[in-house]
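Protein chains in written order, with this note's numbering: chain A, 1 to 502; chain B, 503 to 563.
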Amino acid sequence: LNVVFITIDSLSKHFLKTYGQTVEFEVETPNLDRFAGKAAVFDNHYAGSLPCMPARREFFAGIQEFLWRPWGPMEPFDVPAALAARRSGIVTQLVTDHYHYFQHGSSGYFEDYGAFDFIRGHEYDAWKTTPKDPDGTLMRQILAGDPHNTRFMDRAQYARNAAHFTKEEDFLAPQVFARTAEWLKRNRGWEKWFLVVDSFDVHEPFHVPEPYASMYTDEDPNDPELTNWPYYGRIDEGQSALTERQLAFVRAQYAGKLTMVDRWFGRVLDALDELKMWDETAVIVTSDHGHFLGDHGWMGKPNAPLYNVLAATPLFIWHPGGARNGERTDALTSAVDLYATMLEAAGAEVPEHVHSRSLMPIVKGETDRHRNWALYGYWGSTVNVTDGRHTYLRPCRDDVDAYTYSTRMMNPHGWFVPPKPQKQAEAGRYLPYTDTPVWRYPEKSYTRHAEPLLFDIAEDPEQRENLAGRDPESEERMRRLLVEALRELRAPEEQYARLGLK
Amino acid sequence: VDSTTRRKLLAGKLNGEEHPCLGRCGECYEGPFLVVDGESVAGESHKEILDRITSKGGDYS
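What follows is the structure, given as structure tokens:
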């Protein structure tokens, strides 16, 4: 089979009708809806390692990395999905505007494709140095400061990148999906192919053209008092504080961007229709994580507890031989499982050392159960587990360091900037899934909450009522499940001390 | 952040918090900074910035 794997960054599933759409507007996503109607819909799917590039190491190397390492490169002992496909004689292509692939902190994520198409200009993509003085209204809306500094990742970069965006087709998601549809049309001659589409949208900045900018708000979308790129943090204090009006605008711009993404995603479905390729193509659509937009009082991803807004992600799989096409499954599944799934669908070999478990038995209707735990988190922070019924968010001790295990000396708390020499590093065969020696070096831990958080997501899907301390039986069961998962993965010993588990 | 400065920031009337990421990558790489009432204040060290803002007045002690 041919395989198309599409990830739409920061796609919060509760904005989708397929998942109940518990938001204040009726966000139009007719193409995601039509694909969901055709595919198997996964109701209990979770992110693993967060945020962007850690999720991609799960997708494309099958490694649940956050217990060992932060955002970083593919490791020499990884077998990237594109490489595994190539070894099986499959033509491979990446279409993306996800500029993190090409920054400090990442490497090895695009090099194995037969070809890659990198669409430039999203967020901080180091693309343009002109205009020297970008448009003032956009600069104010994206909260940019002095545009004349030369430091890394300044917000003025986006104003420069977007300076020539005059029509919808110039924006990023339209380019990504239009070029994907074009690739499908031009590559019919190949017998087998593996296509990865990584759309950085719906990620911030939530800067969108009309009609989307006004689709869910009566505000003037160019009002310089209304930001479309708020700072991360609490919405009730500090740099990220927003008025109700400002927050409503941000949410409306996110919703508008989602509708724009959907429209152009539809071009890919249209191409598969026109080319009559559905019978020879598996299509997987997912996201790396959601995005807090005032939910639980937070904006963005960092620092907040890993509520399901962030951690429970959408997943749709179309397989021509699928037994669940047009149906839903509540089997518990994890982002890391997509690696083996896409390789098995493509007919490529799945390496044995990975943490990934193929979802093909679910897709083919051979089983209703897949895994009894899913782990998720950021490296150096809390560790979280679900059994599909409860979510248990375990804090870490700030005073017990986390360790990075990697062949690379990285900057564990500064992923996009130059790496730093890790002078305390030791080398050894520390990883349970490879005999390759790696560096091991400590960095400070940061918890996201002081006490455990426990939610019954069947009764309380929005996670409003913390049951920790009030439902000791469930709490103990989930604590044990966390230990079981850590043992099964052969997590490093210091994790137990960091998490207060012994 | 050194431990003495961390204690001063997190205790008392400053109402300070420490976070690993404030979404200010370039500033963070450039040098120490504190975000005070929503505005970034940069300096030689967190201690120096803290001393500077507390000496400017306001009941931060």
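Built from N, CA and C at the ideal position, the CB exists for glycine as well.
List, in order along the chain, the chain B residues whose C-beta lies closer than 8 angstroms to that of G300/A? For G300/A, the chain B residues whose Cβ falls inside 8 angstroms of its Cβ are G525, in order along the chain.
Restricting to runs no shorter than 3 residues, where is the beta strand (DSSP E) found entirely within the stretch 132-213 of chain A? For secondary structure counted as the beta strand (DSSP E) over 3 or more consecutive residues, the stretch 132-213 of chain A holds these complete runs in sequence order: 193-199.
Taking E451/A as the reference, give the member of M410/A, R140/A, Y433/A and P395/A with the closest Cα. Per the Cα distances, P395/A.
Given 8 angstroms as the limit, is there contact between the stretch 61-68 of chain A and the stretch 314-327 of chain A, that is, 3 or more CB pairs closer than that? The stretch 61-68 of chain A, when compared against the stretch 314-327 of chain A, does not touch it at the 8 angstroms Cβ threshold.
Which ranges does the alpha helix (DSSP H) cover as unbroken runs of at least 4 residues, wholly within the stretch 509-533 of chain B, from first to last along the chain? Counting whole runs of 4 or more residues, the stretch 509-533 of chain B contains the alpha helix (DSSP H) stretches 527-532.
Any chance the stretch 396-414 of chain A sits against the stretch 432-447 of chain A, with 3 or more Cβ pairs inside 8 angstroms? Under the three-pair Cβ rule at 8 angstroms, the stretch 396-414 of chain A counts as touching the stretch 432-447 of chain A.
Is it buried or exposed for Q422/A, if we count other Cβ within 10 angstroms and need 16 for buried? Result: buried.
With a Cβ-Cβ cutoff of 8 angstroms, do L481/A and W373/A count as a contact? For L481/A and W373/A, yes; Cβs fall inside 8 angstroms.
Chain B partners of G414/A, CB-CB under 8 angstroms? For G414/A, the neighbours in chain B by C-beta distance under 8 angstroms run, in chain order, C527, C530 and Y531.
Pairwise C-alpha distance: E519/B and E58/A: Rounded to the nearest angstrom, the two C-alpha atoms are 32 angstroms apart.
Have a look at Q21/A and M74/A and give me their C-alpha separation to the nearest angstrom. If you draw a straight line from the Cα of Q21/A to the Cα of M74/A, it is about 35 angstroms long.
Measure how close the beta-carbons of Y254/A and F206/A come, nearest whole angstrom, since I'm counting them as under 8 angstroms. Going by Cβ atoms, the distance from Y254/A to F206/A rounds to 5 angstroms, so yes, they are a contact pair.
Can you grab the Cα-Cα spacing for the pair S563/B / R508/B, in whole Å? For S563/B, the predicted model reports a pLDDT of 40, less than 50, meaning its position is unreliable; a value from the coordinates is still stated below. Those two C-alpha atoms are separated by around 14 angstroms.
In chain A, which residues lie with their C-beta within 8 angstroms of the C-beta of V537/B? Neighbours of V537/B on chain A, chain order: G238 and Q239.
Contact set between M153/A and chain B, taken where Cβ atoms lie within less than 7 angstroms: Those are C527 and G528, listed as they occur along chain B.
Per the DSSP calculation, G233/A is bridged to which residue(s)? BP columns for G233/A point to M299/A.
Report, in whole angstroms, the separation of the C-beta atoms of T447/A and T382/A, which I expect to be a contact under 8 angstroms. Right, the Cβ-Cβ distance comes to about 6 angstroms (below 8 angstroms), so this counts as a contact.
Can you tell me which of the three DSSP states T259/A falls into? Collapsing the DSSP output to three states places T259/A in a helix.
Along chain A, in chain order, which residues have C-beta atoms closer than 9 angstroms to that of H521/B? The answer, in chain order, is Y232, G233, P302, N303 and Y446.
Below 8 angstroms, how does it come out for the stretch 66-84 of chain A and the stretch 97-114 of chain A: are there three or more Cβ pairs, yes or no? With a cut-off of 8 angstroms, the stretch 97-114 of chain A and the stretch 66-84 of chain A count as touching, because enough Cβ pairs lie within range.
Please state whether the Cβ-Cβ distance between Q507/A and V543/B is less than 8 angstroms. Residue 507/A cannot be examined here, being either before or after the span of chain A that is shown, 1 to 502.
Presumed contact (8 angstroms Cβ cut-off) between T92/A and Y124/A, rounded CB distance: That belief does not hold up - the Cβ atoms of T92/A and Y124/A are roughly 27 angstroms apart, past 8 angstroms.
Let me confirm a value: D154/A is counted as buried when at least 16 other C-beta atoms fall within 10 Å, else exposed. Which label applies? With at least 16 other beta carbons inside 10 angstroms of its own, D154/A counts as buried.
Please list the partners that V417/A has in chain B, where partner means a Cβ-to-Cβ separation under 7 angstroms. The answer, in chain order, is C527 and Y531.
Just the C-alpha distance for D9/A and I284/A, rounded to the nearest angstrom, thanks. It is roughly 14 angstroms from the alpha-carbon of D9/A to the alpha-carbon of I284/A.
Starting from G540/B, find everything on chain A with Cβ-Cβ shorter than 9 angstroms and list it in chain order. For G540/B, the C-beta contacts it makes with chain A under 9 angstroms involve Y231, E237, G238, Q239, S240 and A241, in order along the chain.
Extract the residue ranges of the alpha helix (DSSP H) inside the stretch 391-456 of chain A, only unbroken runs of 4 or more that lie entirely within it. List check, alpha helix (DSSP H) in window: nothing returned.
Smallest Cα separation from Y339/A: which of L453/A, G300/A, T286/A and L247/A? Y339/A has its Cα closest to that of T286/A, out of L453/A, G300/A, T286/A and L247/A.
For L467/A and G428/A, what's the separation of their Cα atoms in angstroms? Cα atoms of L467/A and G428/A: separation of roughly 41 angstroms, rounded to the nearest angstrom.
Classify R186/A as buried or exposed, calling it buried when 16 or more other Cβ atoms lie within 10 Å of its own Cβ. So R186/A ends up on the exposed side.
For I555/B, which residues of its own chain have a beta-carbon under 8 angstroms away from its beta-carbon, when the five flanking residues on both sides are left out? The answer, listed in chain order, is L536, V538, V543 and Y562.
Restricting to Cα atoms, I'd like to know which of L454/A, A159/A, A241/A and S358/A is closest to T130/A. Nearest to T130/A by alpha-carbon distance, out of L454/A, A159/A, A241/A and S358/A, is A159/A.
DSSP state of W373/A, grouped into three classes? If DSSP states are grouped into helix, strand and coil, W373/A belongs with coil.
CA-CA distance, I19/A and A425/A? Residue identity differs from the one stated: residue 19/A is Tyr in this sequence, not Ile. Approximately 45 angstroms, taken between the alpha carbons.
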